[in-house]
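Chemist:
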Amino acid sequence: MKLQEIELRRIRLPLVAPFRTSFGVEHERDILLVKLTTDVAEGWGECVAGAEPLYSSEYADGAHRVIRDHLLPRLAGVPDLSPARVGPALATVEGHPMAKAALELAVLDAELRAHGMPLAGYLGAVRDKVPAGVSVGIAGSIPELLEVVDGYLADGYARIKLKIQPGWDVEPVRAVRERFGDVVLQVDANAAYTLADAPRLARLDPFDLLLIEQPLATDDVRGHAELARRVRTPICLDESITSARAAADAIAVGACAIVNVKAGRVGGFLEARRVHDVCAANGVPVWCGGMLETGVGRAANLALAGLPNFTLPGDTSASDRYWRRELITEPFVLEPPGVVRVPSGPGLGVTVDEEFLEAITTSVERRRVDR
Ligand code: NPQ
Ligand code: MG
Numbered sequence: 056m057k058l059q060e061i062e063l064r065r066i067r068l069p070l071v072a073p074f075r076t077s078f079g080v081e082h083e084r085d086i087l088l089v090k091l092t093t094d095v096a097e098g099w100g101e102c103v104a105g106a107e108p109l110y111s112s113e114y115a116d117g118a119h120r121v122i123r124d125h126l127l128p129r130l131a132g133v134p135d136l137s138p139a140r141v142g143p144a145l146a147t148v149e150g151h152p153m154a155k156a157a158l159e160l161a162v163l164d165a166e167l168r169a170h171g172m173p174l175a176g177y178l179g180a181v182r183d184k185v186p187a188g189v190s191v192g193i194a195g196s197i198p199e200l201l202e203v204v205d206g207y208l209a210d211g212y213a214r215i216k217l218k219i220q221p222g223w224d225v226e227p228v229r230a231v232r233e234r235f236g237d238v239v240l241q242v243d244a245n246a247a248y249t250l251a252d253a254p255r256l257a258r259l260d261p262f263d264l265l266l267i268e269q270p271l272a273t274d275d276v277r278g279h280a281e282l283a284r285r286v287r288t289p290i291c292l293d294e295s296i297t298s299a300r301a302a303a304d305a306i307a308v309g310a311c312a313i314v315n316v317k318a319g320r321v322g323g324f325l326e327a328r329r330v331h332d333v334c335a336a337n338g339v340p341v342w343c344g345g346m347l348e349t350g351v352g353r354a355a356n357l358a359l360a361g362l363p364n365f366t367l368p369g370d371t372s373a374s375d376r377y378w379r380r381e382l383i384t385e386p387f388v389l390e391p392p393g394v395v396r397v398p399s400g401p402g403l404g405v406t407v408d409e410e411f412l413e414a415i416t417t418s419v420e421r422r423r424v425d426r
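Numbering (the numbering used here), first residue to last: 56 to 426.
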């Protein structure tokens, strides 16, 4: 495959409702999309970096710049481009996993569209539907939270994840348990606690949570191992798992019993598959994380979530969890019993509505690749 052109497009999409986490509140997303033109097909990628470096150090402007100025020149130098060659070609650039993942996804999409093969099958998916969970932001009050959760349960979601932070943890969890009984429930702290909070986090134990996600700092792997000895609820890591090696290490030291897999966080879908494989080999279940993706990133996540060791419901919500009626691809919908379909068409299996894209575009940059 020969790379001919790259389009770096920034879009602005308002969220259906503000989404509050321990690191801030989002009202809209500023998203970088990548479109590659090759000699065989076009391919789309979505960069999951936020507008600000809050979830991780990457952010949309930085990803845009690093792709244009540092990654693209290296990709353009690959003689016979294929998905497997992307990671190695970009490896001399330190960090920037979300930028790299966006490029790799666009190459995967182009290659697989050209071969008429779905991404799910290419990655090794064994399911055509995956259980869908929903991530619930920090609410203004307990009654507000209960109303929001009630709505998602009425929609049919298979599991609820509550965002927590110091001052918003035991009480919201207790309230949801008391009101909704034995719903599948888990929490995500986005690194908002320290080991000194272990007694507080242990107070979540009576509520039979599936897991507590990333309670401590990204680089505090040993702290998570110690916390795991002090709480009964299984520890799941998100931010700390930056590669398959990091996953192997975290598991080896007892820092997590479950892993959240996000391709953007680990530098691409091929590395995400290696995270899946390492976890499977260690008997550690995984689930697919989410980064408030449009249909492009959502399609790719669903393909990944079809792999065999994705045994827990993911943050693979329906499109209407985040977006209003206008979408850049066909919608992903929640079906009974709380599942979303894995796309089955070639590549990502979605069609990008380029006319709608134009309407929400804030900037476009195109580079011809000549070699
Ligand atoms: C998580 N996602 O699992 C992330 C956090 C997150 C669905 O909870 C803009 C960009 C906003 C990235 C909000 C979910 C975001 C974001 C939340 C990531 O930790
Ligand atoms: Mg998380």
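C-beta: ideal position from N, C-alpha, C; glycine also.
All figures in this text were calculated on a predicted structure; none of them were measured in a lab.
Give the range of the alpha helix (DSSP H) segment to which residue 120 is assigned.
Modeler: 115 to 121
Chemist: Consult DSSP for residue 285 and reduce its assignment to one of helix, strand or coil.
Modeler: helix
Chemist: Could you pull out every residue in the same chain whose Cβ sits closer than 6 angstroms to the Cβ of residue 66, ignoring the five residues on either side in sequence?
Modeler: 86, 415, 416
Chemist: On the DSSP letters alone, give me the boundaries of the alpha helix (DSSP H) that residue 155 sits inside.
Modeler: Note, residue 155: alpha helix (DSSP H), 152 to 170.
Chemist: For residue 62, which of helix, strand or coil comes out of DSSP?
Modeler: Note: residue 62 maps to strand in three-state DSSP.
Chemist: If you drop the 5 nearest sequence neighbours on each side, which residues of the same chain put their C-beta closer than 7 angstroms to that of residue 78?
Modeler: 109, 110, 245
Chemist: Do residue 58 and residue 136 have their C-beta atoms closer together than 8 angstroms?
Modeler: Between residue 58 and residue 136, the CB-CB gap stays under 8 angstroms.
Chemist: Taking all protein chains shown into account, do 16 or more other C-beta atoms lie within 10 angstroms of the C-beta of residue 38, making it buried, or fewer, making it exposed?
Modeler: Limits of the chain in this structure are 56 at one end and 426 at the other, which puts residue 38 out of reach.
Chemist: Around the C-beta of residue 226, are 16 or more other C-beta atoms found within 10 angstroms, so that it is buried, or is it exposed?
Modeler: exposed
Chemist: Please confirm whether residue 369 and residue 343 have their CB atoms less than 8 angstroms apart.
Modeler: A distance below 8 angstroms separates the beta carbons of residue 369 and residue 343.
Chemist: Which of the three DSSP states, helix, strand or coil, is assigned to residue 381?
Modeler: Coil, per DSSP.
Chemist: What is the residue span of the alpha helix (DSSP H) that residue 419 lies within?
Modeler: Premise fails: residue 419 lies in the beta strand (DSSP E), 416 to 423, not in any alpha helix (DSSP H).
Chemist: Mind checking which residues open and close the alpha helix (DSSP H) that includes residue 127?
Modeler: 127 to 131
Chemist: Can at least three beta-carbon pairs, one atom from the stretch 89 to 96 and one from the stretch 156 to 171, be found at a separation below 8 angstroms?
Modeler: yes
Chemist: Do residue 266 and residue 74 count as a contact pair if the criterion is CB distance below 8 angstroms?
Modeler: no
Chemist: Under the criterion of a Cβ to heavy atom distance below 7 angstroms, does residue 245 qualify as lining the ligand MG?
Modeler: yes
Chemist: Report yes or no: is there a C-beta of chain D within less than 8 angstroms of the C-beta of residue 132?
Modeler: Although the question refers to chain D, the structure presented lacks it and comprises just one protein chain.
Chemist: Please look up how many angstroms separate the CB atoms of residue 106 and residue 126, rounded, as I've assumed it's under 8 angstroms.
Modeler: Not quite, the Cβ-Cβ distance comes to about 20 angstroms (not below 8 angstroms), so this is no contact.
Chemist: Out of 144, 197, 96, state which residue places its alpha-carbon closest to the alpha-carbon of residue 161.
Modeler: Here the closest residue by C-alpha is 96.
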